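Residue numbering for the sequence shown follows the UniProt record's numbering, beginning at 1 and increasing consecutively.
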Amino acid sequence: MSSTKIVRIGVLGAARIAPSALIAPARDNTEAEVVAVAARDRGRADAYARKHGIAKVHGSYEELLADPEIDAVYNPLPNALHAPWTFAALEAGKHVLCEKPFTSNATEAAAVAEAADKSGLVVMEAFHYRYHPLAHRIAEIVAGGEIGTLRHVQAALCFPLPKFSDIRYNRDLAGGAMMDAGCYALHMVRLLGGGEPEVVSAQAKLHKPDVDRAMKAALVFPEGHTGSLTASLWSADLLKITASAVGDRGRLDVFNFVAPQAYHRLTVRTADGKRVERLPKRPSYSYQLDAFCGAVLRGEPILTPPSDSVRNMTVIDEIYRKAGLSPR
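Structure follows, in structure tokens:
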């Protein structure tokens, strides 16, 4: 918990995602301020700071972490750098909002979780969708029993990324469709399924050896209901952002669980009929920042702590193994 009334945040890297994920939400949040950015290229960091109204620029990540006027860091670096720089931030006494996927693999995730626990600092994985009222409502409907005993849950996140030089296709940076799009689909399947699934089978479409451009997986939960996920950066499934839960008394379907602020549709069908629900269009990233600040300033619980990240990464690793690939 912080003794200050505002969380002063530094950004590691001049990342494309930071403006929508953090900088814009912070402008409307009375408890957060983005005060600094660091990049390996000082000129790029200077330009980024000017464009986004960030007061301070550091010439290195180390310099940013050493800044006593920073309470927390946002880590949107490539996947393979999530663990090393989250460790470094914790050692520097900073809270961390870390982009998904949390780490390269479950072993790294467990090590980061242990370090976070010992530090007493807030470490939160940036599954922003989980903090939106849509995700809360989905979980409430399924857990409330309206659709009956669960039979099957599924989620898909597919979008076209034909730029094959993108870091998301880089094995050394822990790339792959399952890591990028798939971590969301799996997280939603776990939310709908209400537990930790076993991986029955998985099939990958490869961009190059050991780098998946698409992944499908079949899962089973301890209670007996099944699950499935589809993730793609480049496949016949060009655009798909859906999730569903089928029970013995009805079903729930949701379109665009990832960014409901753009557009979403939640449909529930039972013997009583069909209804469509709409939730607020406030950005999921704004709800995420609210939660992060609440955790840092007041010790409020979060929905995506390192313990959850370990569970998600454990299943991701097993999906890679079942698909005949190695974990990242």
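Positions of the beta carbon are idealized from the N, C-alpha and C atoms, including for glycine. All values derive from a computational prediction rather than experimental measurement.
| Close-in-space but distant-in-sequence residues of the same chain around P25 (CB under 8 Å, 5 per side omitted) | A32, P283, Y285, S286, Q288 and L289
| said: Considering Cα atoms alone, identify which of R321, R213, G145 and K205 is closest to I167. | reply: R213
| task | Assign D46 to one of three DSSP states: helix, strand, or coil. | result | Looking at D46 - three-state DSSP - the assignment turns out to be helix.
| Residues near A110 by beta carbon distance below 6 Å, same chain, minus five either side | Cβ neighbours of A110 beyond the five flanking positions: V310.
| field | Nonlocal neighbours in the same chain, by C-beta distance under 6 Å from L266, ignoring five residues either side | value | V254 and E277
| Start-to-end residues for the alpha helix (DSSP H) that takes in V310 | Segment P306 to K322, the alpha helix (DSSP H) holding V310.
| Selection from P209, P101 and A88 that minimises the alpha carbon distance to L325 | P209
| message | Using only the alpha-carbon positions, how far apart do G195 and G13 sit? | response | 35 Å
| request: Grab the span of the beta strand (DSSP E) containing D253 for me, first residue to last. | output: Note, D253: beta strand (DSSP E), G250 to F255.
| If I54 sits next to V73, beta carbons under 8 Å apart, how far is it from one beta carbon to the other, in whole angstroms? | Wrong, their Cβ atoms sit about 13 Å apart, outside the cutoff.
| query | chain D beta carbons: is any one of them nearer than 8 Å to that of K281? | reply | Absent here is chain D; the protein component of the structure consists of one chain.
| message | Measuring only the C-alpha atoms, how far is I23 from H52? | response | 7 Å
| field | Given I147 as reference, the closest of P84, P280, V199 and L192 once Cα atoms are compared | value | L192
| Counting pairs of beta carbons, one from the region 215-233 and one from the region 120-134, are three or more of them closer than 8 Å? | no
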